[in-house]
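Engineer: Here the protein sequences come in this chain order: A and B.
Residues 18 to 348 in the numbering used here are what the first sequence spells out, letter by letter.
Residues 18 to 348 in the numbering used here are what the second sequence spells out, letter by letter.
Backbone N, C-alpha and C define an ideal beta-carbon position, used for all residues, glycine too.
There are 2 protein chains.
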Amino acid sequence: MADVAARAGVTKQTVSNVVSGKKVRPETLAKVNKAIADLGYKPNLVARSLRTGSTSTVGLFVPSVANPFYSEVVEEVENLLVGRGYNLLLATTRDDPDYTRAHLENLAARSVDALLVACDNGVAQQIPMLVEAAFPVALFAWEGDPPTTLPVVSIDYEHAGFLAGRYLRDLGHRNVAVIADLPAHTPRVAGLRRAFADDGLAIDDHKVFACIRDDAVGGFDAGRAALEADPDVTAIFATHDILAVGAVEAVVRSGRQVPGDVSIVGFDDIAQVGQIQPALTTITVPKREMAQQAVELLLRAVDSGRPPTNVFTLLRPTLTIRDSSAPPRAT
Amino acid sequence: MADVAARAGVTKQTVSNVVSGKKVRPETLAKVNKAIADLGYKPNLVARSLRTGSTSTVGLFVPSVANPFYSEVVEEVENLLVGRGYNLLLATTRDDPDYTRAHLENLAARSVDALLVACDNGVAQQIPMLVEAAFPVALFAWEGDPPTTLPVVSIDYEHAGFLAGRYLRDLGHRNVAVIADLPAHTPRVAGLRRAFADDGLAIDDHKVFACIRDDAVGGFDAGRAALEADPDVTAIFATHDILAVGAVEAVVRSGRQVPGDVSIVGFDDIAQVGQIQPALTTITVPKREMAQQAVELLLRAVDSGRPPTNVFTLLRPTLTIRDSSAPPRAT
DNA sequence: TTGAAAGCGCTAACAT
DNA sequence: ATGTTAGCGCTTTCAA
Chain A
18 MADVAARAGV TKQTVSNVVS GKKVRPETLA KVNKAIADLG YKPNLVARSL
68 RTGSTSTVGL FVPSVANPFY SEVVEEVENL LVGRGYNLLL ATTRDDPDYT
118 RAHLENLAAR SVDALLVACD NGVAQQIPML VEAAFPVALF AWEGDPPTTL
168 PVVSIDYEHA GFLAGRYLRD LGHRNVAVIA DLPAHTPRVA GLRRAFADDG
218 LAIDDHKVFA CIRDDAVGGF DAGRAALEAD PDVTAIFATH DILAVGAVEA
268 VVRSGRQVPG DVSIVGFDDI AQVGQIQPAL TTITVPKREM AQQAVELLLR
318 AVDSGRPPTN VFTLLRPTLT IRDSSAPPRA T
Chain B
18 MADVAARAGV TKQTVSNVVS GKKVRPETLA KVNKAIADLG YKPNLVARSL
68 RTGSTSTVGL FVPSVANPFY SEVVEEVENL LVGRGYNLLL ATTRDDPDYT
118 RAHLENLAAR SVDALLVACD NGVAQQIPML VEAAFPVALF AWEGDPPTTL
168 PVVSIDYEHA GFLAGRYLRD LGHRNVAVIA DLPAHTPRVA GLRRAFADDG
218 LAIDDHKVFA CIRDDAVGGF DAGRAALEAD PDVTAIFATH DILAVGAVEA
268 VVRSGRQVPG DVSIVGFDDI AQVGQIQPAL TTITVPKREM AQQAVELLLR
318 AVDSGRPPTN VFTLLRPTLT IRDSSAPPRA T
């Protein structure tokens with residue numbers, strides 16, 4: 018920068034003004050730009066960050082990127098950040114409080130401008146640290162008790178579960194099994210139960226099958242267990258789509274049809290489940306909108322220099338009916 | 018840091034030595050550590066980076082994270098980096114040279130320590146800039162002509178296509194259609210063709226269907242087109258698994274069976290295709306091993322302070338036979 | 001082993 | 001509109 022200044026016959030400050038687009042006389046601008054071009058000067062953003070305390074970098078914590086729900090989120094967040102001139106520092110938290118803490122301290126020491134955090138158990142245990150961060154923090158897709166001390170953009174997971182339950186109930190299903198990632202998805206299951214309870218019905222604990230593995234194989238195993246425990250089950254609610262995919266396979270392999278014999282309802286509406294056969298009936302979670310609102314919230318705080326407004330925003334999940342659900346077969 | 022030094026009765030330098038784990042007398046160490054704890058001191062990594070020119074951050078360029086192939090890669094890279102104390106700066110290149118260039122300049126200005134770049138057309142056009150980067154750069158999963166000026170960790174895509182072709186040929190298939198993401202996957206198709214050409218057979222151009230969309234719907238459309246163009250097709254090779262999933266659906270919806278009437282072979286072996294029904298026969302690409310080798314290569318260069326060894330590493334793709342392929346029905 | 005001085009490249013604040 | 005001065009927090013160099 019000093020070289021550029023010397024060559025243009027101005028001071029470093031003027032070069033700085035040019036680089037950061039401040040008011041400069043046109044002729045000075047031309048001189049400086051020429052010197053910049055001649056010398057191939059590139060500003061050092063680390064130095065700028067040291068001086069300004071801002072890095073144009075936003076951290077994103079997700080439990081994992083292997084899950085398509087989160088890869089869609091990552092994609093969306095990256096889009097939004099790039100559009101506004103920010104970089105994405107990605108960290109996976111893996112449901113582990115220690116990982117989360119380590120990442121958090123690292124981000125703090127790097128002075129990221131903001132942090133967006135997806136729900137996970139490891140994170141939940143580090144809420145106090147998040148609250149004390151020197152930069153704006155927002156939570157999203159938060160299931161379970163959200164802290165009141167941080168802004169949250171989420172959906173009402175219990176209500177989403179209710180939507181699935183009401184739908185199955187109104188179709189006429191009375192013998193419903195649940196395969197679930199527990200305890201994480203407890204609210205989804207509770208909502209489903211409430212829909213049936215409203216009608217004087219109930220879903221017993223022994224109809225709820227917790228998955229050992231959190232993938233299609235886990236869904237398959239739990240689905241098979243559900244069918245073996247009660248062959249008359251007419252519907253299965255899976256607390257997320259990947260489990261639902263496994264459940265579909267368990268049903269089909271048992272010689273039953275979807276949705277003829279057994280209806281399946283998933284949760285999340287990840288991109289691929291609308292395209293496979295049978296297209297999955299599922300709860301559509303507005304992930305991209307959540308990401309958008311959370312990013313907006315954060316960047317507004319960054320721009321204004323004030324802490325983010327401590328809002329609790331709930332977006333509306335919807336039921337998307339496709340080909341995996343139907344009324345129960347008449348007996 | 019000055020505060021800590023004052024409180025411990027030493028100089029900043031000694032504090033620095035303590036923080037970076039250099040030799041310090043035990044009693045001094047104790048004093049300094051106490052002062053650090055008392056004041057809740059956290060080193061400022063931006064300042065350190067300015068001084069040392071290293072940020073403990075590695076950039077990763079992928080075309081997109083929505084594609085499970087790349088989300089697996091991202092996950093693996095993040096794992097490896099965290100394990101070695103590095104951060105992950107993620108950028109999506111979207112097949113766009115301008116995006117790529119912008120990201121690249123940004124990373125350079127931020128002095129990342131290294132950059133890992135997945136193949137994509139937008140990147141290919143920016144190779145000269147990559148070569149001139151001040152930090153180590155490695156390419157991976159490179160299809161098509163890899164530049165000789167940068168280290169590459171990849172597989173032989175043509176050979177991988179050959180494996181698929183030889184398998185189908187040896188099963189007895191003679192009427193094979195291809196659905197492909199073109200021109201990106203030209204080598205995969207070429208390999209398939211070579212396998213058949215070896216045997217005096219050929220796959221005509223009109224048996225190769227380029228996908229309009231790069232998702233399951235695109236695979237479905239292309240699959241349907243292939244079946245309509247020639248109802249006697251006995252096998253379909255899809256140049257990646259997502260397309261294959263769509264192709265399976267096209268076959269099933271046409272009233273045919275997989276693999277009874279039509280065999281389907283995919284490419285990539287993304288996690289979910291081993292779990293869905295029918296489990297997909299596919300070319301297993303060692304993505305995680307590629308990521309691992311590329312990361313190793315880069316970090317070795319970073320640690321040694323020398324440019325990365327300009328190697329061209331080819332890992333071995335394998336054929337994974339599952340349930341979507343069988344000999345053609347006897348006529 | 002520890003201390004003192006200098007400077008990485010930039011921008012904020014003020015003076016001109 | 002531009003120049004001057006100072007300093008962000010750290011590490012490197014050299015001296016003690």
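Residues of chain B with CB closer than 7 Å to the CB of G139 of chain A, please, in chain order.
Structural biologist: Within the first sequence, the letter at position 122 stands for residue 139 of chain A. Residues of chain B passing the Cβ test: none, with the nearest at roughly 14 Å.
Engineer: Please check if any C-beta of chain A sits within less than 8 Å of the C-beta of I293 of chain B.
Structural biologist: As a working mapping, residue 293 of chain B is identified with position 276 in the second sequence. Yes, contact with chain A.
Engineer: Opposite T74 of chain A in the DSSP bridges: which residues?
Structural biologist: In the first sequence, the residue the question calls residue 74 of chain A occupies position 57. BP columns for T74 of chain A point to A:N104.
Engineer: Along chain B, which residues have their Cβ under 9 Å away from the Cβ of K59 of chain A?
Structural biologist: Start at 1 with the first residue of the first sequence, and residue 59 of chain A comes out as number 42. In chain order: E122, A125, A126.
Engineer: Starting from L105 of chain A, find everything on chain B with Cβ-Cβ shorter than 8 Å and list it in chain order.
Structural biologist: Indexing the first sequence from 1 puts residue 105 of chain A at position 88. Result: L106, L107, A108.
Engineer: Since F11 of chain A sits in a beta bridge, which residues does DSSP pair it with?
Structural biologist: This structure cannot settle anything about residue 11 of chain A, because the visible part of chain A is limited to 18 through 348.
Engineer: Can you name, in chain order, every residue of its own chain whose Cβ lies under 6 Å from the Cβ of D137 of chain A, other than the five neighbours on each side?
Structural biologist: Position 120 of the first sequence, counted from the start, is the residue given in the question as residue 137 of chain A. Contacts found: P80, T110, D112.
Engineer: Whole angstroms is fine: what's the gap from R191 of chain A's alpha carbon to T256 of chain A's?
Structural biologist: Within the first sequence, numbered from 1, the residue matching residue 191 of chain A stands at position 174. Within the first sequence, numbered from 1, the residue matching residue 256 of chain A stands at position 239. Approximately 18 Å, taken between the alpha carbons.
Engineer: Run down chain B in chain order and give the residues with a C-beta less than 9 Å from the C-beta of T72 of chain A.
Structural biologist: Counting from 1 along the first sequence, the entry for residue 72 of chain A is found at position 55. Correct list: V63, R127.
Engineer: What separation, rounded to the nearest whole angstrom, lies between the Cα atoms of L336 of chain B and A52 of chain A?
Structural biologist: Along the second sequence, one-based indexing puts residue 336 of chain B at 319. Along the first sequence, one-based indexing puts residue 52 of chain A at 35. L336 of chain B and A52 of chain A: Cα-Cα distance of roughly 57 Å.
Engineer: Counting only runs of 4+ residues fully inside the stretch 79 to 140 of chain B, write out the alpha helix (DSSP H) ranges in chain order.
Structural biologist: For the stretch 79 to 140 of chain B, whole alpha helix (DSSP H) runs of length 4 or above, ordered along the chain, are 85 to 100, 114 to 126.
Engineer: Measure from the alpha carbon of S37 of chain B to the alpha carbon of each residue in B:P60, B:S341, B:D130, then state which is nearest.
Structural biologist: By one-based count along the second sequence, residue 37 of chain B stands at place 20. Nearest of B:P60, B:S341, B:D130 to S37 of chain B, Cα basis: B:P60.
Engineer: So what's D285 of chain B in DSSP terms, helix, strand or just coil?
Structural biologist: Numbered from its first residue, the second sequence carries residue 285 of chain B at position 268. Of the three classes helix, strand and coil, the one that applies to D285 of chain B here is strand, per DSSP.
Engineer: Tell whether a beta-carbon distance below 8 Å holds between L199 of chain A and G178 of chain A.
Structural biologist: Position 182 of the first sequence, counting from 1, holds the residue named residue 199 of chain A. Position 161 of the first sequence, counting from 1, holds the residue named residue 178 of chain A. No, they are not a contact pair.
Engineer: What are the boundary residues of the beta strand (DSSP E) that includes L260 of chain B?
Structural biologist: Taking the second sequence and counting its residues from 1, the one referred to as residue 260 of chain B is at position 243. Unbroken run through L260 of chain B is the alpha helix (DSSP H), 258 to 270; no beta strand (DSSP E).
Engineer: Identify the contact partners of V269 of chain B in chain A, using a Cβ-Cβ distance below 7 Å as the criterion.
Structural biologist: Position 252 of the second sequence, counting from 1, holds the residue named residue 269 of chain B. Residues of chain A passing the Cβ test: Q294.
Engineer: From R240 of chain A to G263 of chain A, what does the alpha carbon distance come to, in whole angstroms?
Structural biologist: The residue you call residue 240 of chain A lines up with position 223 of the first sequence. The residue you call residue 263 of chain A lines up with position 246 of the first sequence. According to the sequence displayed, residue 240 of chain A carries Gly and not Arg. Whole-angstrom Cα-Cα distance: 7 Å.
Engineer: Assuming H120 of chain B and A108 of chain B are in contact, meaning their beta carbons sit under 8 Å apart, how far apart are those beta carbons, in whole angstroms?
Structural biologist: For this step, residue 120 of chain B is matched to residue 103 along the second sequence. For this step, residue 108 of chain B is matched to residue 91 along the second sequence. The Cβ separation is near 4 Å, so the contact holds.
Engineer: Using the rule of at least 16 other Cβ atoms within 10 Å of the residue's Cβ for burial, across every protein chain shown, is N10 of chain B buried or exposed?
Structural biologist: Chain B is shown only over 18 to 348; residue 10 of chain B falls outside these bounds and no answer can be derived.
Engineer: Pick from B:A22, B:T45, B:L62, B:S66: whose alpha carbon is nearest that of L56 of chain B?
Structural biologist: The residue you call residue 56 of chain B lines up with position 39 of the second sequence. Nearest C-alpha to L56 of chain B: B:A22.
Engineer: Hey, which unbroken runs of the beta strand (DSSP E) at 3 residues or more fall wholly within the stretch 19 to 73 of chain B?
Structural biologist: Segments of the beta strand (DSSP E) lying fully in the stretch 19 to 73 of chain B: there are none.
Engineer: So is K29 of chain A buried or exposed if we call it buried at 16+ other beta carbons inside 10 Å?
Structural biologist: Taking the first residue of the first sequence as position 1, residue 29 of chain A is located at position 12. So K29 of chain A counts as exposed.
Engineer: Output, in chain order, the set of chain B residues within a Cβ distance shorter than 9 Å of P145 of chain A.
Structural biologist: Translated into positions along the first sequence, residue 145 of chain A becomes position 128. The contacting residues do not exist; P145 of chain A stays about 14 Å from chain B at best.
Engineer: In terms of alpha-carbon separation, which member of A:V75, A:I259, A:N96 lies closest to D130 of chain A?
Structural biologist: The sequence position of residue 130 of chain A within the first sequence is 113, counting from 1. Measuring from the Cα of D130 of chain A, the nearest candidate turns out to be A:V75.
Engineer: Output needed in chain order: residues of the stretch 238 to 265 of chain A with a Cβ under 7 Å from some Cβ in chain B.
Structural biologist: Here the close residues are V262, G263.
Engineer: Which partner residues of I338 of chain A appear in the DSSP bridge assignment?
Structural biologist: Residue numbering aside, residue 338 of chain A sits at position 321 when the first sequence is read from its first letter. Note: I338 of chain A sits in no beta bridge, so no partner.
Engineer: Identify the contact partners of A158 of chain A in chain B, using a Cβ-Cβ distance below 7 Å as the criterion.
Structural biologist: For this step, residue 158 of chain A is matched to residue 141 along the first sequence. Ordered by position in chain B, no residue passes the 7 Å Cβ test against A158 of chain A, which lies about 17 Å from the chain.
Engineer: List, in order along the chain, the chain A residues whose C-beta lies closer than 8 Å to that of V82 of chain B?
Structural biologist: What you label residue 82 of chain B is simply residue 65 of the second sequence in a count that begins at 1. Under the 8 Å cutoff, chain A gives V82, S88, V91, E92, E95.
Engineer: One question on the structure: do T298 of chain A and S271 of chain A come within less than 8 Å of each other, judged by their Cβ atoms?
Structural biologist: Translated into positions along the first sequence, residue 298 of chain A becomes position 281. Translated into positions along the first sequence, residue 271 of chain A becomes position 254. No, the pair does not count as a contact, with Cβ atoms beyond the cut-off.
Engineer: N327 of chain A: buried (16+ other C-beta within 10 angstroms of its C-beta) or exposed?
Structural biologist: Start at 1 with the first residue of the first sequence, and residue 327 of chain A comes out as number 310. With fewer than 16 Cβ atoms within 10 Å of its Cβ, N327 of chain A is classed as exposed.
Engineer: I think L132 of chain A touches F157 of chain A, with their Cβ atoms under 8 Å apart; what is that distance to the nearest whole Å?
Structural biologist: Locating residue 132 of chain A in the first sequence gives position 115, counting from the first residue. Locating residue 157 of chain A in the first sequence gives position 140, counting from the first residue. With a Cβ gap of about 11 Å, L132 of chain A and F157 of chain A do not count as contacting.
Engineer: What do you get for V148 of chain A, buried or exposed, if any count of 16 or more other CB atoms within 10 angstroms of its CB means buried?
Structural biologist: Translated into the one-based positions of the first sequence, residue 148 of chain A becomes position 131. Looking at its Cβ environment, which holds fewer than 16 other Cβ atoms inside 10 Å, V148 of chain A is exposed.
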